[in-house]
């Protein structure tokens with residue numbers, strides 16, 4: 001048996017070199033010339049020292065800076081040439097109902113959302129020269145129709161026997177709402193593993209344009225030009241500016257954005273104040289109800305969708321699922337507060353659970369939702385690119401296991417309505433703060449408190465309740481949904497008009513009666529282009545040049 005002699009090591013053999021981290025290496029800065037592509041455009045979003053969102057558009061014509069603020073709107077309006085000039089623009093304003101409710105709650109005595117809509121309409125048309133003013137509820141109605149269609153597509157695909165035919169990324173449950181840009185940005189940057197669960201349906205802000213409500217306004221009058229419309233939206237959230245600036249919503253062929261400028265409720269109030277407009281003063285005809293006429297540019301106004309003041313995405317699915325049950329019953333369970341609630345739809349005839357969803361508002365609750373969805377679906381949840389989607393085999397096994405133990409464990413979520421702001425969109429970061437302000441002797445609202453004092457009122461529960469009550473027409477709770485197989489009367493007309501719009505846009509070969517009906521292949525492809533979008537992860541990398549020494 002041979003004996004292995006120990007090797008001798010000297011001090012010269014020792015090496016204490018440690019490979020430095022990539023973050024410790026300061027690379028040599030090398031600027032490579034960018035290759036310019038004809039008619040190509042890119043956009044950089046930022047916030048200046050004054051807290052104003054801006055975008056820098058890089059095109060062949062040069063570098064152009066566009067501020068998404070009320071000052072930019074005034075600049076474009078004042079520089080607009082005469083109607084006879086070929087560069088003349090028609091201005092269109094779309095305002096969210098949450099903004100109308102916030103404006104109504106800011107005056108004393110308060111007004112209805114219809115009265116505020118009429119006053120904003122008169123201000124925009126008579127003072128700024130806007131040709132059309134819409135609220136976004138009809139666009140929301142169309143978004144809900146497409147949203148419901150997408151959910152049933154996913155549900156049918158997830159229960160299909162041939163899972164290999166499913167398209168990854170479009171068929172996974174639970175489907176999670178994607179109308180909140182703050183939530184979308186959070187997912188794309190911190191949890192890209194959640195992207196396959198995001199709904200692909202566009203938000204009402206983008207559907208407003210995808211339906212060609214805005215871009216065809218001049219077409220009806222026989223004076224259509226691709227860049228002849230300047231579309232301004234008023235939203236309760238600053239992040240809607242980022243949504244409108246996404247490259248997905250830029251038309252490379254027409255060289256136009258779907259939304260040219262996004263204002264918040266606060267910025268609209270500043271704009272009206274700068275122009276000396278008193279939002280508390282009544283205007284003629286503000287209580288008159290207009291009959292919809294799409295051909296004349298009159299859309300259904302202020303359509304109330306029961307459920308939540310953040311779009312009623314969950315409730316629309318609950319109503320649709322309930323239509324298939326003989327005796328549907330909906331139960332609600334608050335997990336912590338009203339910002340996190342679970343909804344279960346059962347058929348009282350046989351006790352089957354037909355649907356289980358949740359309403360989740362606020363970032364603290366969003367993190368819990370991410371973890372729960374990860375556990376239920378077999379997805380590894382991590383930070384940034386660390387989160388990875390599990391393999392299809394793992395998901396199938398997990399789904400089978402859950403199906404086998406359905407009696408012991410609660411059913412996984414089918415859908416989650418997610419909003420980043422506590423209390424939802426009525427409490428968006430762009431909403432007015434401080435409630436009603438006293439009026440001065442000249443009839444205008446007096447600014448009696450500092451900006452710091454107004455910011456301190458962020459999240460005022462009573463103010464949120466007041467805005468919520470005005471949103472629902474004077475009550476703190478939404479109206480009840482129609483029971484059984486009944487469809488709300490005002491939705492019947494909206495459904496009909498929505499189908500007419502879809503037919504005009506997609507030009508299907510065969511006739512169809514409802515939004516949920518299938519069209520021919522080319523028309524269906526166009527429908528997806530108009531009403532759906534995509535999301536992609538934002539990879540976080542360690543950039544040596546950004547390291548502070």
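Residue numbers (the working numbering): 1 to 549.
Beta carbons: idealized from backbone N, C-alpha and C, even for Gly.
Taking only the alpha-carbon atoms, compute the straight-line gap between residue 208 and residue 139 and give it to the nearest angstrom. Within the chain shown, residue 208 is the residue found at index 208, counting from 1. Within the chain shown, residue 139 is the residue found at index 139, counting from 1. Straight-line Cα distance between these residues: approximately 5 Å.
Just to confirm before moving on: does the CB-CB distance between residue 313 and residue 105 stay below 8 Å? Numbered from its first residue, the chain shown carries residue 313 at position 313. Numbered from its first residue, the chain shown carries residue 105 at position 105. Their beta carbons are not under 8 Å apart, which means residue 313 does not touch residue 105 by this criterion.
Throw me the rounded Cβ distance for the residue 231 and residue 260 pair, which I believe falls under 8 Å. Mapped onto the chain shown, residue 231 falls at position 231. Mapped onto the chain shown, residue 260 falls at position 260. So it is a contact: roughly 5 Å between Cβ atoms.
Decide if residue 298 is buried, meaning its Cβ has at least 16 other Cβ atoms within 10 Å, or exposed. Within the chain shown, residue 298 is the residue found at index 298, counting from 1. With fewer than 16 other Cβ atoms within 10 Å, it is exposed.
Candidates 234, 369, 141, 467, of which the one nearest residue 270 by Cα: Here the question's residue 270 lines up with position 270 in the chain shown. Comparing Cα-Cα distances from residue 270 to each of 234, 369, 141, 467, the minimum goes to 234.
Can you tell me the Cα-Cα spacing of residue 150 and residue 517, whole angstroms? Residue 150 sits at position 150 when you count from the first residue of the chain shown. Residue 517 sits at position 517 when you count from the first residue of the chain shown. Roughly 12 Å between the two C-alpha positions.
Apart from the five residues just before and just after residue 340, which ones in its own chain have a Cβ nearer than 6 Å to its Cβ? Residue numbering aside, residue 340 sits at position 340 when the chain shown is read from its first letter. The residues are 360, 365.
Using a Cβ-Cβ cut-off of 8 Å (strictly less than) and excluding sequence neighbours within five positions of residue 285, which residues of its own chain qualify? Reading the chain shown from its first residue, position 285 is the one you call residue 285. Here the set comprises 118.
Taking contact to mean 3 or more Cβ pairs, one atom from each stretch, closer than 8 Å, check whether the stretch 304-320 and the stretch 413-420 are in contact. yes
For residue 186 and residue 241, I'd like the C-alpha separation in whole angstroms. Taking the first residue of the chain shown as position 1, residue 186 is located at position 186. Taking the first residue of the chain shown as position 1, residue 241 is located at position 241. Spanning the two alpha carbons is a distance of roughly 15 Å.
Taking residue 128 as the reference, which of 96, 432, 90 has the closest Cα? Taking the chain shown and counting its residues from 1, one reaches residue 128 at position 128. Among 96, 432, 90, the Cα nearest to that of residue 128 belongs to 90.
Quick one: measure Cβ to Cβ for residue 428 and residue 68, integer angstroms, because I've assumed they're closer than 8 Å. As a position in the chain shown, residue 428 is number 428, starting the count at 1. As a position in the chain shown, residue 68 is number 68, starting the count at 1. No, residue 428 and residue 68 are not in contact; Cβ-Cβ is about 16 Å, not under 8 Å.
As a quick exercise: from 412, 495, 193, pick the residue whose alpha carbon is nearest that of residue 357. Counted from its first residue, the chain shown places residue 357 at position 357. Selected option, being the one with the closest Cα: 412.
Beta-carbon contacts of residue 536 that lie in its chain and below 6 Å, excluding the five residues immediately before and after: By one-based count along the chain shown, residue 536 stands at place 536. Around residue 536: no qualifying Cβ.
I think residue 93 touches residue 432, with their Cβ atoms under 8 Å apart; what is that distance to the nearest whole Å? Start at 1 with the first residue of the chain shown, and residue 93 comes out as number 93. Start at 1 with the first residue of the chain shown, and residue 432 comes out as number 432. So it is not a contact: roughly 18 Å between Cβ atoms.
According to DSSP, is residue 195 helix, strand or coil? Counting from 1 along the chain shown, the entry for residue 195 is found at position 195. Helix.
Below 7 Å CB to CB, which residues in the same chain sit around residue 173 once its five sequence neighbours on both sides are set aside? For the purposes of this step, residue 173 is taken as residue 173 along the chain shown, with counting starting at 1. If we look at residue 173 and ignore the five residues flanking it on each side, its Cβ neighbours are 154, 155, 158, 414.
Taking the CB atoms as reference points, tell me whether residue 236 and residue 425 lie closer together than 8 Å. Counted from its first residue, the chain shown places residue 236 at position 236. Counted from its first residue, the chain shown places residue 425 at position 425. In this structure, residue 425 lies closer than 8 Å to residue 236 by Cβ.
Do residue 493 and residue 192 have their CB atoms nearer than 8 Å? Walking along the chain shown from the start, residue 493 turns up at place 493. Walking along the chain shown from the start, residue 192 turns up at place 192. Not closer than 8 Å, so no.
What is the DSSP secondary structure of residue 222, reduced to helix, strand or coil? Residue numbering aside, residue 222 sits at position 222 when the chain shown is read from its first letter. For residue 222, the predicted model reports a pLDDT of 44, less than 50, meaning its position is unreliable and no value from the coordinates is stated.
Is residue 403 buried or exposed, if buried means 16 or more other CB atoms sit within 10 Å of its CB? Numbered from 1 along the chain shown, position 403 holds the residue referred to as residue 403. With a pLDDT of 46 at residue 403, under the threshold of 50, the modelled position of that residue is not reliable, and the figure given next carries that caveat. Result: exposed.
Proximity below 8 Å, CB of residue 101 to CB of residue 467: On the chain shown, residue 101 is found 101 positions in, with the first residue counted as 1. On the chain shown, residue 467 is found 467 positions in, with the first residue counted as 1. Closer than 8 Å, so yes.
Flag residue 105 as yes if its beta-carbon sits less than 8 Å from any beta-carbon of chain B, otherwise no. The structure shown contains no chain B, having only a single protein chain.
Rounded to the nearest angstrom, what separates residue 131 and residue 526 at their Cα positions? Taking the chain shown and counting its residues from 1, one reaches residue 131 at position 131. Taking the chain shown and counting its residues from 1, one reaches residue 526 at position 526. C-alpha separation (whole angstroms): 28 Å.
For residue 361, the residue or residues it bridges with in DSSP: Reading the chain shown from its first residue, position 361 is the one you call residue 361. Answer is 419.
Mind checking residue 519: buried by the 16 CB within 10 Å criterion, or exposed? By 1-based counting over the chain shown, the position of residue 519 is 519. Per the 10 Å Cβ criterion, buried.
Keeping to the same chain, check which residues put their C-beta closer than 6 Å to that of residue 454; ignore five residues upstream and five downstream. Walking along the chain shown from the start, residue 454 turns up at place 454. Only weak support exists for where residue 454 lies, its pLDDT of 40 falling under 50; the value from the coordinates is given anyway. Contacts found: 433, 434.
Ignore the nearest five residues each way along the sequence and tell me which others in residue 198's own chain have a CB closer than 6 Å to its CB. The sequence position of residue 198 within the chain shown is 198, counting from 1. Closer than 6 Å at Cβ, skipping near neighbours: 176, 178, 535.
For residue 189, I'd like the list of residues in its chain whose CB is within less than 6 Å of its CB, leaving aside the five on either flank, ordered along the chain. Looking up residue 189 in the chain shown gives position 189. Answer for residue 189: 538, listed in chain order.
Straight-line gap, residue 559 to residue 201 (C-alpha atoms, nearest Å): It is not possible to answer for residue 559, since the shown part of the chain is limited to 1 through 549.
Taking the beta carbon of residue 257 as the centre, do at least 16 other beta carbons fall within 10 Å, making it buried, or is it exposed? Within the chain shown, numbered from 1, the residue matching residue 257 stands at position 257. Label assigned to residue 257: buried.
Alpha carbon to alpha carbon, how far is residue 471 from residue 255? Translated into positions along the chain shown, residue 471 becomes position 471. Translated into positions along the chain shown, residue 255 becomes position 255. Whole-angstrom Cα-Cα distance: 37 Å.
Quick check on the burial criterion: 16 or more other C-beta atoms within 10 angstroms. Buried or exposed for residue 331? Within the chain shown, numbered from 1, the residue matching residue 331 stands at position 331. Answer is exposed; the Cβ neighbour count stays below 16.
Under the assumption that residue 148 contacts residue 320 (Cβ atoms under 8 Å), give the Cβ distance between them as a whole number of angstroms. The count along the chain shown starts at 1 and reaches residue 148 at position 148. The count along the chain shown starts at 1 and reaches residue 320 at position 320. With a Cβ gap of about 5 Å, residue 148 and residue 320 count as contacting.
Classify residue 596 as helix, strand or coil using the three-state DSSP reduction. Missing from the structure shown is residue 596; the chain here goes from 1 to 549 and no further.
Could you have a look at residue 181 and say whether DSSP puts it in helix, strand or coil? On the chain shown, residue 181 is found 181 positions in, with the first residue counted as 1. Helix at residue 181.
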